[in-house]
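Undergrad: Residues in the sequence shown are numbered from 0 upward in steps of one, following numbering that gives the first Met the number 0. Every residue gets a Cβ at the ideal spot worked out from N, C-alpha and C, and that includes glycine. Keep in mind it's a predicted model, so treat the numbers as computed, not measured.
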Amino acid sequence: MPEKTYIALTIGALFQREFEAIIPILTSDDPQKELVKEFKENKYLKIKTESARERLLTDLRRRTKFAPDGFWEFYLTCTDCQRKLSLFFLLLNAYPVALDLQLEVVVEKWKKLEKKLVAFDLHMRLDELSTSITQVGSWSNRTKKNVATNFLRSLKDAGLLINGEINKPGPQPESFWHYFITIGESWFLEACLLSKTEREKLL
(Lines of atoms letter the chains of each structure in order from A; the text may use other names.)
(Lines give C-alpha, C1' and ligand atoms only; values in the text may rest on other atoms or scores of the structure.)
Protein backbone atom coordinates (compact mmCIF):
# COMPACT_ATOMS: atom_id res chain seq x y z
CA MET A 0 0.00 0.00 0.00
CA PRO A 1 1.30 3.49 -0.82
CA GLU A 2 2.13 6.08 1.83
CA LYS A 3 -1.02 7.99 2.70
CA THR A 4 -1.21 11.58 1.57
CA TYR A 5 -4.76 12.82 1.81
CA ILE A 6 -5.41 14.77 -1.37
CA ALA A 7 -8.97 15.93 -1.92
CA LEU A 8 -10.81 14.06 -4.67
CA THR A 9 -11.96 17.20 -6.47
CA ILE A 10 -12.10 15.71 -9.97
CA GLY A 11 -14.22 12.61 -9.81
CA ALA A 12 -14.79 9.89 -12.35
CA LEU A 13 -12.89 6.89 -13.60
CA PHE A 14 -12.05 8.66 -16.89
CA GLN A 15 -12.27 5.42 -18.85
CA ARG A 16 -12.66 7.17 -22.21
CA GLU A 17 -9.72 9.46 -21.49
CA PHE A 18 -7.45 6.67 -20.28
CA GLU A 19 -8.25 4.56 -23.31
CA ALA A 20 -7.53 7.50 -25.60
CA ILE A 21 -3.98 7.69 -24.23
CA ILE A 22 -3.25 3.94 -24.21
CA PRO A 23 -0.39 4.50 -26.71
CA ILE A 24 1.19 6.79 -24.13
CA LEU A 25 0.52 4.49 -21.18
CA THR A 26 2.14 1.53 -22.92
CA SER A 27 5.18 3.54 -24.03
CA ASP A 28 8.64 3.32 -22.44
CA ASP A 29 8.21 6.57 -20.47
CA PRO A 30 4.53 7.33 -19.84
CA GLN A 31 5.15 10.27 -17.50
CA LYS A 32 7.35 12.02 -20.05
CA GLU A 33 4.85 11.34 -22.82
CA LEU A 34 1.99 12.71 -20.69
CA VAL A 35 3.90 15.98 -20.35
CA LYS A 36 4.20 16.05 -24.15
CA GLU A 37 0.48 15.39 -24.46
CA PHE A 38 -0.24 18.60 -22.56
CA LYS A 39 1.51 20.56 -25.30
CA GLU A 40 0.53 18.49 -28.33
CA ASN A 41 -3.03 17.46 -27.36
CA LYS A 42 -2.67 14.58 -29.82
CA TYR A 43 -4.95 12.06 -28.10
CA LEU A 44 -7.22 13.85 -25.63
CA LYS A 45 -8.33 16.65 -27.98
CA ILE A 46 -9.27 18.97 -25.11
CA LYS A 47 -9.62 22.52 -26.39
CA THR A 48 -8.66 24.64 -23.39
CA GLU A 49 -5.23 24.38 -21.79
CA SER A 50 -6.64 24.83 -18.28
CA ALA A 51 -9.03 21.88 -18.66
CA ARG A 52 -6.32 19.76 -20.25
CA GLU A 53 -3.85 20.57 -17.48
CA ARG A 54 -6.35 19.75 -14.75
CA LEU A 55 -7.23 16.41 -16.29
CA LEU A 56 -3.66 15.43 -17.11
CA THR A 57 -2.51 16.30 -13.59
CA ASP A 58 -5.06 13.83 -12.25
CA LEU A 59 -4.32 11.15 -14.86
CA ARG A 60 -0.60 11.41 -14.11
CA ARG A 61 -1.26 11.01 -10.41
CA ARG A 62 -3.26 7.85 -11.00
CA THR A 63 -0.90 6.30 -13.54
CA LYS A 64 1.94 6.49 -11.00
CA PHE A 65 0.13 3.73 -9.12
CA ALA A 66 -0.16 1.43 -12.14
CA PRO A 67 2.18 -1.57 -11.63
CA ASP A 68 4.42 -2.73 -14.46
CA GLY A 69 2.30 -4.42 -17.11
CA PHE A 70 -0.94 -2.95 -15.76
CA TRP A 71 -2.06 -1.45 -19.06
CA GLU A 72 -1.27 -4.62 -20.99
CA PHE A 73 -3.44 -6.46 -18.45
CA TYR A 74 -6.10 -3.76 -18.79
CA LEU A 75 -6.35 -4.31 -22.53
CA THR A 76 -7.26 -7.98 -21.96
CA CYS A 77 -10.13 -7.06 -19.64
CA THR A 78 -13.85 -6.84 -20.28
CA ASP A 79 -15.54 -3.45 -19.94
CA CYS A 80 -16.69 -4.29 -16.40
CA GLN A 81 -13.18 -5.39 -15.44
CA ARG A 82 -11.68 -2.25 -16.95
CA LYS A 83 -13.92 -0.10 -14.81
CA LEU A 84 -12.89 -2.02 -11.69
CA SER A 85 -9.23 -1.74 -12.67
CA LEU A 86 -9.54 2.03 -13.01
CA PHE A 87 -11.29 2.12 -9.64
CA PHE A 88 -8.21 0.32 -8.26
CA LEU A 89 -6.01 3.18 -9.50
CA LEU A 90 -8.37 5.74 -7.98
CA LEU A 91 -8.26 4.05 -4.57
CA ASN A 92 -4.47 3.94 -4.65
CA ALA A 93 -4.07 7.54 -5.81
CA TYR A 94 -6.54 8.95 -3.28
CA PRO A 95 -6.26 7.47 0.24
CA VAL A 96 -9.43 9.34 1.20
CA ALA A 97 -11.30 7.34 -1.45
CA LEU A 98 -9.79 4.09 -0.14
CA ASP A 99 -10.85 5.02 3.38
CA LEU A 100 -14.40 5.80 2.27
CA GLN A 101 -14.58 2.52 0.36
CA LEU A 102 -13.32 0.34 3.20
CA GLU A 103 -14.79 2.18 6.17
CA VAL A 104 -18.16 3.19 4.73
CA VAL A 105 -19.06 1.16 1.65
CA VAL A 106 -17.60 -2.20 2.69
CA GLU A 107 -18.80 -1.85 6.28
CA LYS A 108 -22.35 -1.04 5.15
CA TRP A 109 -22.23 -4.02 2.77
CA LYS A 110 -21.19 -6.34 5.60
CA LYS A 111 -24.16 -5.12 7.63
CA LEU A 112 -26.46 -5.74 4.65
CA GLU A 113 -27.12 -2.00 4.41
CA LYS A 114 -27.21 -1.27 0.69
CA LYS A 115 -28.40 2.32 0.70
CA LEU A 116 -25.57 4.83 0.35
CA VAL A 117 -26.02 8.60 0.41
CA ALA A 118 -23.66 11.57 0.59
CA PHE A 119 -24.45 12.04 4.29
CA ASP A 120 -22.81 8.66 5.06
CA LEU A 121 -19.61 9.91 3.46
CA HIS A 122 -19.79 13.31 5.15
CA MET A 123 -19.99 11.56 8.53
CA ARG A 124 -16.79 9.64 7.80
CA LEU A 125 -15.03 12.75 6.51
CA ASP A 126 -15.93 14.53 9.75
CA GLU A 127 -14.41 11.62 11.67
CA LEU A 128 -11.24 11.80 9.59
CA SER A 129 -11.04 15.54 10.22
CA THR A 130 -10.29 14.87 13.88
CA SER A 131 -7.35 12.55 13.17
CA ILE A 132 -5.98 13.53 9.75
CA THR A 133 -4.60 17.06 9.62
CA GLN A 134 -4.96 17.31 5.85
CA VAL A 135 -8.64 16.38 5.94
CA GLY A 136 -9.20 18.69 8.90
CA SER A 137 -7.99 21.61 6.77
CA TRP A 138 -10.60 21.01 4.07
CA SER A 139 -13.54 23.38 3.83
CA ASN A 140 -17.10 22.08 3.94
CA ARG A 141 -17.31 22.77 0.22
CA THR A 142 -14.25 20.62 -0.44
CA LYS A 143 -15.68 17.79 1.65
CA LYS A 144 -18.93 18.05 -0.29
CA ASN A 145 -16.97 17.79 -3.56
CA VAL A 146 -15.06 14.77 -2.29
CA ALA A 147 -18.30 12.99 -1.36
CA THR A 148 -19.95 13.89 -4.68
CA ASN A 149 -16.95 12.80 -6.75
CA PHE A 150 -16.55 9.57 -4.82
CA LEU A 151 -20.21 8.69 -5.40
CA ARG A 152 -19.75 9.42 -9.09
CA SER A 153 -16.71 7.15 -9.21
CA LEU A 154 -18.65 4.35 -7.51
CA LYS A 155 -21.37 4.69 -10.14
CA ASP A 156 -18.79 4.63 -12.93
CA ALA A 157 -17.32 1.44 -11.46
CA GLY A 158 -20.73 -0.21 -11.28
CA LEU A 159 -20.51 -0.41 -7.50
CA LEU A 160 -23.44 1.93 -6.93
CA ILE A 161 -26.70 1.59 -8.84
CA ASN A 162 -29.76 3.72 -8.10
CA GLY A 163 -28.30 4.75 -4.77
CA GLU A 164 -27.61 1.19 -3.64
CA ILE A 165 -24.26 -0.52 -3.16
CA ASN A 166 -23.81 -3.15 -5.85
CA LYS A 167 -21.42 -6.09 -5.89
CA PRO A 168 -19.73 -6.72 -9.26
CA GLY A 169 -20.95 -9.74 -11.19
CA PRO A 170 -18.89 -12.95 -11.11
CA GLN A 171 -15.45 -12.54 -12.65
CA PRO A 172 -12.96 -15.20 -13.77
CA GLU A 173 -10.46 -16.18 -11.10
CA SER A 174 -7.70 -14.90 -13.36
CA PHE A 175 -8.97 -11.33 -12.95
CA TRP A 176 -8.76 -11.41 -9.16
CA HIS A 177 -5.51 -13.38 -9.23
CA TYR A 178 -3.88 -10.47 -11.03
CA PHE A 179 -4.35 -8.23 -7.99
CA ILE A 180 -3.25 -10.99 -5.63
CA THR A 181 -0.10 -11.57 -7.71
CA ILE A 182 0.91 -7.90 -7.56
CA GLY A 183 0.43 -7.86 -3.78
CA GLU A 184 -2.85 -5.92 -3.78
CA SER A 185 -5.21 -8.55 -2.39
CA TRP A 186 -6.96 -5.86 -0.31
CA PHE A 187 -8.69 -4.85 -3.54
CA LEU A 188 -10.82 -8.01 -3.44
CA GLU A 189 -12.45 -6.87 -0.21
CA ALA A 190 -12.80 -3.36 -1.62
CA CYS A 191 -14.81 -4.96 -4.47
CA LEU A 192 -17.11 -6.54 -1.88
CA LEU A 193 -15.92 -10.14 -2.19
CA SER A 194 -16.78 -12.08 0.96
CA LYS A 195 -14.16 -13.57 3.25
CA THR A 196 -15.05 -17.03 1.93
CA GLU A 197 -14.68 -15.88 -1.69
CA ARG A 198 -11.35 -14.25 -0.93
CA GLU A 199 -9.99 -17.29 0.90
CA LYS A 200 -10.81 -19.52 -2.06
CA LEU A 201 -8.71 -17.28 -4.30
CA LEU A 202 -5.74 -16.78 -1.98
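So I180 packs on L201, CB below 8 Å; how close in whole Å?
TA: 6 Å
Undergrad: Sorry if obvious, but does the Cβ on K143 come closer than 7 Å to a heavy atom of the ligand HEM?
TA: With respect to small molecules bound, the structure shown includes none, and the ligand HEM cannot be examined in it.
Undergrad: Can you have a look at P95 and say buried or exposed, based on whether 16 or more other CB atoms are within 10 angstroms of its CB?
TA: P95 is classed as buried because its beta carbon has at least 16 other beta carbons within 10 Å across all chains shown.
Undergrad: Assign I180 to one of three DSSP states: helix, strand, or coil.
TA: Taken through DSSP and simplified to helix, strand or coil, I180 comes out as helix.
Undergrad: Determine whether the beta carbon atoms of F150 and L8 lie at a separation below 8 Å.
TA: yes
Undergrad: Report buried or exposed for P1, applying the criterion of at least 16 other Cβ atoms within 10 angstroms of its Cβ.
TA: With a pLDDT of 43 at P1, under the threshold of 50, the modelled position of that residue is not reliable, and no figure is offered here.
Undergrad: The alpha helix (DSSP H) with F65 in it runs from where to where?
TA: Where F65 is concerned, there is no enclosing alpha helix (DSSP H), given that its DSSP letter is neither H nor E.
Undergrad: On a Cα-Cα basis, can you pick out the residue from E107, N92, Q134 and P170 that is closest to F65?
TA: N92
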